[in-house]
Every structure is written in C-alpha cells, then in structure tokens.
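Here is the structure we will look at.
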Amino acid sequence: MHNSPKKFSFKQIFLLSVGLCLLTSCSVEIEEHGKRIGTDLLDKIVPGSTQKEQVLSILGAPSTENDFGNKAWFYIASNNKQTALFGDKLVSRSIIKIMFNDKNTVTKITTLTEKDQNTVEHNQEKTPTAGQEIGILQQLLGNVGRFNANSQSK
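Residues 101 to 254 (this note's numbering) make up the sequence shown, in order.
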C-alpha cells in the first residue's frame, strides 16, 4: 500500500489563501503614542528645586505646554487598540502634568489617567452656507454653453 500525498485543486488553494488574508486583516494591533515616563525618571524631579531646563534634559520635550495662567508641561502617552472593522479604541492613557512657577522651578507633579478625563460631546449640527444648493446634474452640466468660443481664442 502506497500513500500518495493529497493534491489540492486551484479552487481550494485560492479559497484558503483568501481566508488567510481575511483572518490576518482582522487582527488586533496595539499602537503606542507618546512617551511613557517611568517612575525612575520622575523620581529625579523634585518639586521646589528642579528647574525647567533640568526637566527638559531628564524627560525630553513635552507633548504639549500651557503658557496661560500657571505654566505647565504635559507628557501624554496612550495605547490604542486598532482593528480593521471597529477602528481605534483607547486602552490606556497616562498624562504627567508638571507645574512651574515664575522662576521656572517645578512646583507640582500630577499623574492623570483616562479616568480623570472629561468627555466632550461634539456638536452634530451643520452650519448653513450662503448661496444656492445645486444638484449633481447642475454641477456637471452647469457650464455647458456658458463660454463663447470667440472669447477663449483671444
């Protein structure tokens, strides 16, 4: 008795490859944005004595700054779960807020998470614009006959 290997048809191979492509496109990816700052680096910053230049050399440039009122630097890091069908979903977020006084000395360090965030509802209303609303046929055929052949040759 001799066992010969099973041969697959073109249709079976094609369906298998399409199925594998579809499965890999549904995989979940975790994307990290920003810079995670460890406690070892935060411990080097002492409120009341560390200067802004020292914070810059220890942690690097902040994600964003607040120059209005109390001066603050924000270091923002987040992890997003990305899927092909459902888009991005926030997994975790950490924000380190470093406050400075007028002499550029650190006054306070605060760590915030996604639990501390405020949700802002976007206004779904549309702003009307002046002018007339035209349909797709008017857009496509609106300029037909408007231009004179003699005026274009000059």
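All C-beta atoms in this analysis are idealised placements derived from N, C-alpha and C, irrespective of residue type, glycine included.
Quick check on this structure: which residue in 160, 165 and 196 has the alpha carbon closest to the alpha carbon of residue 177? The residue given as residue 177 occupies position 77 in the sequence shown. Residue 196 holds the alpha-carbon nearest to the alpha-carbon of residue 177 among 160, 165 and 196.
For a test of the three-state rule: what should DSSP assign to residue 219, helix, strand or coil? Residue 219 sits at position 119 when you count from the first residue of the sequence shown. Coil, per DSSP.
Nearest candidate by alpha-carbon position, reference residue 153, set 189, 204, 211 and 115: Taking the first residue of the sequence shown as 1, we reach residue 153 at position 53. It is 204.
6 Å CB neighbourhood of residue 129 in its chain, flanking five on each side removed: The residue labelled residue 129 in the question sits at position 29 within the sequence shown. By the criterion of a C-beta distance shorter than 6 Å, residue 129 is surrounded in its chain by 182, once the five residues flanking it on both sides are discounted.
Using the beta-carbon count (16 or more within 10 Å), is residue 155 buried or exposed? The residue labelled residue 155 in the question sits at position 55 within the sequence shown. Counting of Cβ neighbours within 10 angstroms places residue 155 among the buried residues, the total reaching 16 or more.
How close, in whole Å, do the beta carbons of residue 134 and residue 163 come, if the pair is a contact with beta carbons under 8 Å? On the sequence shown, residue 134 is found 34 positions in, with the first residue counted as 1. On the sequence shown, residue 163 is found 63 positions in, with the first residue counted as 1. Contact annotation, residue 134 with residue 163: C-beta distance approximately 6 Å; criterion of less than 8 Å satisfied.
Go through its chain and collect everything with a Cβ distance to residue 209's Cβ below 8 Å, but skip five positions before and after it. Stepping through the sequence shown from its first residue, residue 209 is reached at position 109. Annotation for residue 209: 142, 145, 147, 196, 197, 198 and 199 place their beta carbon closer than 8 Å to its own, counting only its chain and skipping 5 residues before and after.
In chain order, what residues of the same chain lie with their CB nearer than 8 Å to the CB of residue 168, ignoring the 5 residues before and after it? Counting from one through the sequence shown, the residue named residue 168 turns up at place 68. Taken in chain order, the list of residues that qualify is empty.
Residue interval of the alpha helix (DSSP H) (run including residue 154): In the sequence shown, the residue the question calls residue 154 occupies position 54. Element bounds for residue 154: 152 to 159.
So, is residue 211 buried or exposed, given that buried needs 16 or more other C-beta atoms within 10 angstroms? Here residue 211 refers to the residue found at position 111 when the sequence shown is read from its first residue. Exposed, because fewer than 16 other Cβ atoms sit within 10 Å of the Cβ of residue 211.
Report the partner residues of residue 178 according to the DSSP bridge assignment. In the sequence shown, the residue the question calls residue 178 occupies position 78. BP columns for residue 178 point to 133 and 193.
Option nearest residue 171 by Cα separation, candidates 149, 158, 206 and 160: Numbered from its first residue, the sequence shown carries residue 171 at position 71. Comparing Cα-Cα distances from residue 171 to each of 149, 158, 206 and 160, the minimum goes to 206.
Are the beta-carbon atoms belonging to residue 180 and residue 192 less than 7 Å from one another? Within the sequence shown, numbered from 1, the residue matching residue 180 stands at position 80. Within the sequence shown, numbered from 1, the residue matching residue 192 stands at position 92. 7 Å or more divides the Cβ of residue 180 from the Cβ of residue 192.
Return the chain-ordered list of same chain residues with a C-beta closer than 7 Å to the C-beta of residue 158, the five sequence neighbours on each side being excluded. Indexing the sequence shown from 1 puts residue 158 at position 58. Closer than 7 Å at Cβ, skipping near neighbours: 141, 144 and 145.
Outcome for residue 124 when other beta-carbon atoms lying within 10 angstroms are tallied against a minimum of 16: As a working note, residue 124 is residue 24 in the sequence shown. Classified as exposed, residue 124 has fewer than 16 neighbouring CB atoms from the shown chains inside 10 Å of its CB.
Extent of the continuous beta strand (DSSP E) run through residue 209: Here residue 209 is taken as the residue at index 109 of the sequence shown, counted from 1. 206 to 213 is the extent of the beta strand (DSSP E) around residue 209.
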